Amino acid sequence: MEVQGYEVPEDRLYTKEHEWAKELGATILIGITDYAAKTLNDVVYATLPGAGTKVEHMKSMGTVESIKAVSEVYSPISGTVVKVNRELETHPERVNRSPYVEGWLVEVNASNLQAEKKSLMDAAAYVEYLKGVLSKR
Amino acid sequence: MPKTTQLYDYHLKHARLTEFAGYEMPLWYSTTTHEHMAVRGSSGIFDVSHMARFYVAGEESTGFLEGLVPTWVRSQPASKAFYTLLLNEKGGIIDDLIIEKLADDRYLVVVNAANAETDMLHMRSHAPSGFEIEDRTRTTAMIAVQGPGALSSLQPMTDLDLGQLKRFRCSETKVAGEDALISRTGYTGEDGFEVIVYNASTEHPQGALKVWEGLANTSAPCGLGARDSLRLEAGFPLHGSDIDQSTNPFEADLGWVVSAGKGGYVGSEALADPKAKEPHQVRRGLVLESGIPRHGFEIRDDAGTLGRVTSGTFSPILRKGIALGMVSTEHSGFGGRVSVVVRGTPEQSMLTRPPFYDEKLYGWKRQKDN
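Residue numbers (my numbering), protein chains in the order written: chain A, 49 to 185; chain B, 32 to 401.
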């Protein structure tokens with residue numbers, strides 16, 4: 049799916065803060081959406097929680113930064129981080145080039161997935177939400 | 032309604048826009064990193080028409096400026112462009128600016144857009160009766176061409192031999208057939224020029240657009256994002272962030288602007304006080320091991336707070352966070368190790384003398400290949 053040039057893949061769930069969560073069997077992969085990446089335009093730095101850190105549903109777990117701006121990253125789900133995308137240390141631009149594949153941020157072992165999934169949006173709902181955000185810009 | 036410059040039509044088509052100092056300005060055309068590296072590697076162009084330009088002339092003009100700035104004016108040769116400050120009675124910095132001395136009795140004063148009104152009021156309040164200060168901001172445009180390739184980018188558009196125009200010199204000439212003033216000045220640390228296109232208003236912007244579009248063939252259009260990262264990497268202060276009316280020139284590490292033995296200007300009495308030259312805090316550069324410093328972040332050591340970050344960014348050249356900040360004078364030695372607290376985490380930092388890049392490789396002093 050797509051809205052005004054911003055990609056919204058159908059295979060994952062979304063938050064109002066423009067993060068995505070994709071189920072990978074036992075774990076959840078997390079990143080920021082194409083809209084968030086394009087708004088930052090030029091990611092140069094990411095501060096992310098290390099493996100073993102506990103993250104909480106809709107609480108900030110780190111930041112993604114451009115030269116000018118800092119953007120908080122909120123975890124879509126609660127759980128424990130099992131992997132961080134270390135490639136971003138040397139190639140932060142991957143968040144812009146490939147926000148849904150190579151630009152993933154962290155992989156998490158979810159602790160309360162079924163309940164928390166209900167408060168996330170599917171692609172269609174995020175598209176509608178994004179249309180509203182764009183109309184106010 | 033925000034104001035727009037003579038080049039707005041171009042920006043509207045090609046740039047992500049942002050509001051700055053009451054103007055709708057380009058933030059970036061591609062990415063800030065790309066534009067920043069284009070300036071350091073070849074050349075970039077910036078619309079700086081939003082900066083205010085004031086013209087004074089006549090036999091009283093030198094004396095008038097002499098009474099406003101701490102730098103000697105009358106001893107500057109004609110065709111000099113020099114950096115100086117407007118001070119208040121306490122010696123605090125109202126603005127930093129460039130004065131272009133076109134002749135012994137003609138000057139163009141270029142000031143920050145955000146301070147245009149304040150500066151004009153200040154200047155008018157210290158002007159002899161009947162003395163005219165002509166605001167040429169809306170009747171001229173200003174374009175900066177910056178980078179090691181700036182000369183090759185601009186030369187085809189003017190008959191003025193740019194190789195003969197030394198740094199901090201200016202000359203009235205034509206660019207793309209338009210009357211213009213070229214100065215070898217800039218805000219990036221690189222070689223470059225600032226072109227003031229005369230007779231270009233927002234109603235009749237064609238002359239300015241001709242110059243801009245001509246330059247865009249060989250220079251990358253750059254927005255305010257890159258303008259800020261470049262000037263910070265070069266160590267240049269931004270009024271409103273790093274310096275303001277509560278900062279005197281010595282705190283700002285701009286003591287070189289204060290001509291020794293000069294009196295009789297606004298703020299000279301305050302600066303004559305020996306305490307003014309021994310400030311409690313002083314401006315310094317900082318490089319972080321990790322993390323990106325931002326305005327307001329605390330600078331500290333184990334014993335306590337040492338100061339605050341006044342501007343911070345990520346240096347695409349160093350690939351590290353860099354900052355300008357105010358640090359307590361006692362702890363301000365270059366090479367000193369301090370921490371900058373980035374959202375709760377103290378990050379190791381070093382106090383540095385800018386520019387932050389290696390001057391053998393970047394900047395106007397770089398060693399050229401032969």
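Note that CB positions come from ideal geometry on N, CA and C, so glycine has one too.
This structure is a prediction, so every number in the text was calculated from the model and none was measured.
Restricted to the stretch 149–216 of chain B, the beta strand (DSSP E) segments that are unbroken, complete and at least 3 residues in length are 172–177, 201–206, 209–214, listed in chain order. Here B:R368 is exposed: its Cβ has fewer than 16 other Cβ atoms, across all protein chains shown, within 10 Å. Listed by position along chain A, the residues whose Cβ is nearer than 8 Å to that of B:W59 are N89, D90. Cβ-Cβ separation between A:P140 and A:V181: approximately 24 Å, too far for a contact (criterion under 8 Å).
When Cβ-Cβ separations below 8 Å define contact, B:I323 makes contact with chain A. Put simply, the stretch 356–364 of chain B does not touch the stretch 287–299 of chain B. Fewer than three CB pairs are less than 8 Å apart.
For A:K116, the number of other beta carbons within 10 angstroms of its own is at least 16, and it is reported as buried. At a cut-off of 4 residues, the continuous stretches assigned as alpha helix (DSSP H) that sit fully inside the stretch 87–113 of chain B are 92–97. DSSP assignment within the stretch 286–359 of chain B yields the following whole beta strand (DSSP E) runs of 3 residues or more, N-terminal first: 312–319, 329–332, 335–346, 351–359. For A:I115, the chain B residues whose Cβ falls inside 7 Å of its Cβ are T63, T64, G256, S260, T344, F345, in order along the chain. Within 7 Å of the CB of A:Y93, the CB atoms of chain B belong to I323, F345, in sequence order along the chain. Take A:V118, set aside five residues on each side of it, and the residues of its chain with a beta-carbon closer than 7 Å to its own are T111, in chain order. Chain-ordered, the chain B residues with CB closer than 7 Å to the CB of A:V118 read R325.
The three-state reading of DSSP puts B:D259 in helix, counting H, G and I together. Membership of A:M106 in any alpha helix (DSSP H) is not indicated, and neither H nor E is assigned to it by DSSP.
In terms of CA proximity to B:H45, B:M56 leads the group B:I323, B:R315, B:M56.
By the CB criterion at 8 Å, B:P377 and B:G316 fall outside the cutoff. In the structure shown, the three-state DSSP call for B:H65 is helix. Under the Cβ criterion (8 Å, minimum of three pairs), the stretch 73–90 of chain B counts as touching the stretch 135–142 of chain B. In this structure the stretch 59–72 of chain B does not touch the stretch 103–120 of chain B; the number of beta carbon pairs closer than 8 Å is below three. In the three-state reduction of the DSSP assignment, B:S380 falls in the strand class, which pools E and B. Between the stretch 170–186 of chain B and the stretch 72–79 of chain B, the count of C-beta pairs closer than 8 Å reaches three or more; the two stretches touch. Between the alpha carbons of B:H326 and B:S272 lies a distance of about 8 Å. Taken atom to atom, the span from the alpha-carbon of A:E164 to that of B:H42 is near 44 Å. Where A:K70 is concerned, the enclosing beta strand (DSSP E) starts and stops at 67–72.
The straight-line gap separating the alpha-carbon atoms of B:A207 and B:L38 is approximately 15 Å.
For A:E137, the enclosing alpha helix (DSSP H) starts and ends at 135–138. In the three-state scheme derived from DSSP, where H, G and I count as helix and E and B as strand, A:K179 is classed as helix. When beta bridges are read from the DSSP output, B:L139 appears opposite B:Y86, B:E131. Per DSSP, the unbroken alpha helix (DSSP H) holding A:A163 starts and ends at 161–165. Membership of A:T87 in the alpha helix (DSSP H) is indicated by the continuous run 82–88.
Close CB contacts of B:L48 within its chain, under the 8 Å cut and outside five residues either way in sequence, are with H42, E55, M56, P57, L58 (chain order).
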